[in-house]
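Accompanying notes for the structure given below.
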Amino acid sequence: MDSKNLALAVFLAQSTALPPDLKLLILQGVPVSDKFIDRPTDRAGLEQCLLPQQSPTERRKVCVLHGLGGIGKTQLAIDFARRHKAAFSAIFWLDGRSEDQLGQSFARCLARIPELRTASRNPHMNLNSKEDLDVVVMKVIEWLARPSNTQWLLILDNVDQDHQQGGATGTYDIRQYFPGDQGSILITTRLLRLQQLGRSKHLTSVDLDQSRAILQTWYGQELHWRPDYDTLLEMLQGLPLALAQAASYLRETGMDVTTYVQTYNQQWQKLMVSDNPLTDYGQGSIATTWAVSLDAIERKSTDAMNVLRLWACLDNKQFWHGLLEAAKSMDSEEPWPSWLIRMANDVACFADAMGLLLRYSMIQAQAEPIGSYAMHPVVHRWVLHLDSNETNMDFARLALILVGYSVPTRETKEYWILQQRILPHAERCSRWIKEDFLRSDEKAISDSVAIDSVHRLGILYREQAKLGEAEAMYGRALEGKEKALGREHVSTLDTVNNLGILYWNQGKLGEAEALFDRALDGFQSALGSAHQKTQTVAHDLQLLRSSRGEGPPYHNFVCSRLIEIDIHPSGLGLD
Numbered sequence: 220m221d222s223k224n225l226a227l228a229v230f231l232a233q234s235t236a237l238p239p240d241l242k243l244l245i246l247q248g249v250p251v252s253d254k255f256i257d258r259p260t261d262r263a264g265l266e267q268c269l270l271p272q273q274s275p276t277e278r279r280k281v282c283v284l285h286g287l288g289g290i291g292k293t294q295l296a297i298d299f300a301r302r303h304k305a306a307f308s309a310i311f312w313l314d315g316r317s318e319d320q321l322g323q324s325f326a327r328c329l330a331r332i333p334e335l336r337t338a339s340r341n342p343h344m345n346l347n348s349k350e351d352l353d354v355v356v357m358k359v360i361e362w363l364a365r366p367s368n369t370q371w372l373l374i375l376d377n378v379d380q381d382h383q384q385g386g387a388t389g390t391y392d393i394r395q396y397f398p399g400d401q402g403s404i405l406i407t408t409r410l411l412r413l414q415q416l417g418r419s420k421h422l423t424s425v426d427l428d429q430s431r432a433i434l435q436t437w438y439g440q441e442l443h444w445r446p447d448y449d450t451l452l453e454m455l456q457g458l459p460l461a462l463a464q465a466a467s468y469l470r471e472t473g474m475d476v477t478t479y480v481q482t483y484n485q486q487w488q489k490l491m492v493s494d495n496p497l498t499d500y501g502q503g504s505i506a507t508t509w510a511v512s513l514d515a516i517e518r519k520s521t522d523a524m525n526v527l528r529l530w531a532c533l534d535n536k537q538f539w540h541g542l543l544e545a546a547k548s549m550d551s552e553e554p555w556p557s558w559l560i561r562m563a564n565d566v567a568c569f570a571d572a573m574g575l576l577l578r579y580s581m582i583q584a585q586a587e588p589i590g591s592y593a594m595h596p597v598v599h600r601w602v603l604h605l606d607s608n609e610t611n612m613d614f615a616r617l618a619l620i621l622v623g624y625s626v627p628t629r630e631t632k633e634y635w636i637l638q639q640r641i642l643p644h645a646e647r648c649s650r651w652i653k654e655d656f657l658r659s660d661e662k663a664i665s666d667s668v669a670i671d672s673v674h675r676l677g678i679l680y681r682e683q684a685k686l687g688e689a690e691a692m693y694g695r696a697l698e699g700k701e702k703a704l705g706r707e708h709v710s711t712l713d714t715v716n717n718l719g720i721l722y723w724n725q726g727k728l729g730e731a732e733a734l735f736d737r738a739l740d741g742f743q744s745a746l747g748s749a750h751q752k753t754q755t756v757a758h759d760l761q762l763l764r765s766s767r768g769e770g771p772p773y774h775n776f777v778c779s780r781l782i783e784i785d786i787h788p789s790g791l792g793l794d
């Protein structure tokens, strides 16, 4: 006899003395925990939907508890079952991860129902046989569907595989396991689509007080609170599994919270890939809990996976189709990835990819502005660590270019609103630049498109009055252009001039004058005296010198300077 059948036989033997009127609470296989922190608002939503006395009808009540893996769906369902066991005649917990596991759960339920247990004592029954298992499942469903049996609760936990997508073993249509039109059914899932089956409850991050309580409870000792704990809570953004894992790691290693925060930022995988998964979380650590969803996404759409990887190099909020549209306006000779071209030119293709990510609760749609999306910061960091540095560099470069070429000019309608939307993504790209992530590849320094994007970030920062950040971007762009294009290239001189203007705004007048002189000489040589760029720099240089009280009066200086470079004063409207 194999282990499955032996376990059932032992269970049947031990169950013979159960009285027939016993209220059934079948939670075998449920993670055991004494660390659950109450979520009153979320619990009230389940109570309103599922408790028998809350409904004027005895028709079937279905509640779909959906959300990101690790957000606490299973733990909330466990708490609900234990808290309200007196309200139901029977509570059955079913493992919904696959059809086989679901069938085995039904078999355990049958073993606790006295009349079914007696009728089903078949020594030849083989629970490894799909036919025999189907018989067991049907007997339990028929028992639940009896007209007089209406007060039970069925919890279908971790129904995370979408049978409509196909491609994976063990997928199934959960509706086939709904008994009759009565009772209460609670489904926990990451699949947004399942909310169509009944009333839905979207479980999101816990609040700050609950986050503190989870951290304290899992740590197991009194925490002497200090600012670094607030930093940790900010990083983990109310994700219960991440909070529990952090507290357990601190307790087991004796690491202080300051070191943990530093390690989280520098060696994320070291903390998140755990050899000792938390017993309260059946699907393991942060590093493994989203793997099933990710595999399903990748099987369905490599485009969705690619946009997810691109997004990991940007800010985790305010992601929208407009960020990709910049690919349409860039040099057609640049070998842009085909998936990016498809999405840039077809908003429906982008919407399909976002829809797939939403379907598995990997991202959330934002209410404002319409058409934008957000990703939990822990998921965001996890996606970044899926690939090698080389792959991440490719996506970081794409992110930089898309953001740089999305920076609007002042001629763009409501350009200031677009600047604000782009700014968080620009700050994320600036991090890659400042950390030299993009320059670990020698060819990156000669990448003229990426360098020009850095220059454009400088413009954005200057427009947003972030002068220190603008200086850093202009400085990096200038360094790159000098190496890639040469000191006298017009594009290099554009950055020289912009950096000069920035220094002027910062009150660094000596540095500004030197850069204006260099730009003026360069434009004169490359474009001639009559070109608008040349005239503009000459004008700015004189304004700078006049503001310092240096040189001849403004009109005389401009005339002499322009005569020297063969530009007539009438060209500047000074006559």
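Residue numbers (this note's numbering): 220 to 794.
Heads up, the beta-carbon is just placed ideally off N, CA and C, and yes, glycines get one too.
None of the values given here were measured: they were computed from a predicted structure.
For H644, the number of other beta carbons within 10 angstroms of its own is at least 16, and it is reported as buried. Of the residues T407, V356, L533, the one whose Cα lies closest to the Cα of L603 is L533. A straight line joining the alpha-carbon of S367 with that of E361 spans about 12 Å.
Of the candidates A466, L335, I406, A466 places its Cα closest to the Cα of R431. Around the CB of S649, 16 or more other CB atoms lie within 10 Å, so the residue is classed as buried. The beta carbons of S512 and G288 sit about 7 Å from each other, so the pair counts as a contact at 8 Å. Secondary structure at D257: coil, using DSSP grouped into helix, strand and coil. In the displayed model, K420 falls within a strand according to three-state DSSP.
One alpha carbon belongs to R647, the other to I560, and they sit about 23 Å apart. Per DSSP, reduced to three states, the secondary structure at H285 is strand. The beta-carbon distance between L619 and L529, rounded to whole angstroms, is 11 Å. This is too long to meet the 8 Å contact definition. In the DSSP assignment, L313 falls within the unbroken beta strand (DSSP E) covering 309-314. For D514, the enclosing alpha helix (DSSP H) begins and ends at 510-519.
In the three-state scheme derived from DSSP, where H, G and I count as helix and E and B as strand, I582 is classed as coil. The C-beta distance from A545 to W555 rounds to 10 Å, too long to meet the 8 Å contact threshold. With three or more CB-CB distances shorter than 8 Å, the stretch 706-726 counts as touching the stretch 670-689. Where S765 is concerned, the enclosing alpha helix (DSSP H) starts and stops at 751-766. Judged by DSSP secondary structure, L728 falls within the alpha helix (DSSP H) whose first and last residues are 728-746. Inclusion of M581 and V598 in the CB contact set at 8 Å is warranted, their separation being smaller than that value. With 16 or more neighbouring CB atoms inside 10 Å of its own CB, R600 falls in the buried class. Rounded to the nearest whole angstrom, the CA to CA distance from I406 to V281 is 8 Å. DSSP, read as helix, strand or coil, puts I374 in strand. Counting the other CB atoms within 10 Å of its CB gives S403 a total of 16 or more, which places it among the buried residues.
For A618, the enclosing alpha helix (DSSP H) stretches over residues 608-623.
If you ignore the 5 residues before and after V359, its C-beta comes within less than 6 Å of the C-beta of F325, C328, L329, all in its own chain and listed in chain order. L422 sits away from L269, with the two beta carbons spaced by 8 Å or more. Per the C-alpha coordinates, the member of L576, L452, Q754, S548 positioned closest to A515 is L576. In the same chain as T436, and ignoring 5 residues on each side of it, the C-beta atoms closer than 8 Å to its own belong to K254, I256, A466, in chain order. Nearest to L762 by C-alpha distance, out of G747, H750, G719, is G719. In the three-state DSSP reduction, L244 falls in the strand class (E or B). Within the same chain, and ignoring the five residues on either side of K700 in sequence, the residues whose Cβ sits closer than 7 Å to its Cβ are I670, H708, S710, T711, T714. Exposure of K489 is indicated by the presence of fewer than 16 other C-beta atoms within 10 angstroms of its C-beta. DSSP places Y722 inside the alpha helix (DSSP H), whose first and last residues are 709-724. Every unbroken stretch of the alpha helix (DSSP H) spanning 4 or more residues and falling wholly within the stretch 395-442 is given here in chain order: 427-438.
Beyond the five residues adjoining it in sequence on each side, L686 comes within less than 7 Å, by CB distance, of L721, N724, Q725 in the same chain, given in chain order.
Spatial neighbours of L458 in its own chain (CB-CB distance under 7 Å, excluding positions within 5 residues in sequence) are listed in chain order as G289, I290, S424, H595, V597.
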